[in-house]
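Heads up, the sequence shown is in the numbering used here, so the first residue is 218 and it goes up one at a time. A quick write-up on the structure given underneath.
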Amino acid sequence: MMLPSYGSSSHEHDSLLERRPQQSVSRSAVLVVLNFIVAGGIGVSMYTSLQRYDALSAKLDTYLSHVPAAMTSLRHEGGHLPSKYAVQHVTPRKDQSSRGTCWDFSTIGVLEQSYRAHGLARGWLEEDEYVSFSEQAYGVEVMELCTGDPQSPQQVACRVAGDAVTRIDNP
Numbered sequence: 218m219m220l221p222s223y224g225s226s227s228h229e230h231d232s233l234l235e236r237r238p239q240q241s242v243s244r245s246a247v248l249v250v251l252n253f254i255v256a257g258g259i260g261v262s263m264y265t266s267l268q269r270y271d272a273l274s275a276k277l278d279t280y281l282s283h284v285p286a287a288m289t290s291l292r293h294e295g296g297h298l299p300s301k302y303a304v305q306h307v308t309p310r311k312d313q314s315s316r317g318t319c320w321d322f323s324t325i326g327v328l329e330q331s332y333r334a335h336g337l338a339r340g341w342l343e344e345d346e347y348v349s350f351s352e353q354a355y356g357v358e359v360m361e362l363c364t365g366d367p368q369s370p371q372q373v374a375c376r377v378a379g380d381a382v383t384r385i386d387n388p
């Protein structure tokens, strides 16, 4: 027998669709248990990782606590590093601003120190004298050396770091 209902006719077997079978209830229980097992496994894994992190952190702290002692034991010409420096005997502060000429500044610094050491050894410089080069003049000289035929030996030598010295990146 069919009972009229709103929108569609009902069948006597419709009540079977509304009941949850016993099998799906037990499947849900199994899934809940599996979720708890997975969550527990993740928790154990996180705890183990945290213990490893703490052990490595303690090891690093121990290592770093000994580094200052090692650094203070450095010697300079038979004695300790000076605790302060006389500013009048160092090259003036230089600023590359935002020109991207760090290669120029670092090369000049090495050249200045090399020339100073050589000048002191040869007697050309006194202890309180230093050598100061112009980064701008050096940079122009390098750029002039790096012009010409792309296959020339000087061009090949200038292509250090992927041609970054001679290439203009801004169109």
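No residue lacks a Cβ here, since even glycine has one placed at the ideal position from N, Cα and C.
Helix, strand or coil at residue i [DSSP, three-state]
| i | result |
| --- | --- |
| Trp341 | coil |
| Phe322 | helix |
| Asp366 | coil |
| Tyr355 | helix |
| Glu249 | One detail in the question is off: residue 249 reads as Val in this sequence, not Glu. DSSP places Val249 in helix when its eight states are reduced to three. |
| Val348 | coil |
| Lys276 | helix |
| Ser331 | helix |
Residue from the options with nearest C-alpha to residue i
| i | options | result |
| --- | --- | --- |
| Arg333 | Ser262, Glu344 and Ser323 | Glu344 |
| Met360 | Lys301, Phe350, Val327 and Cys375 | Cys375 |
| Glu346 | Gly336, Pro367 and Phe322 | Gly336 |
| Phe350 | Leu267, Cys319, Lys276 and Ile325 | Ile325 |
| Val348 | Arg339, Ser323 and Ser331 | Ser331 |
Cβ distance (whole Å) where residue i is taken to contact residue j below 8 Å
| i | j | result |
| --- | --- | --- |
| Asp321 | Glu352 | 5 Å |
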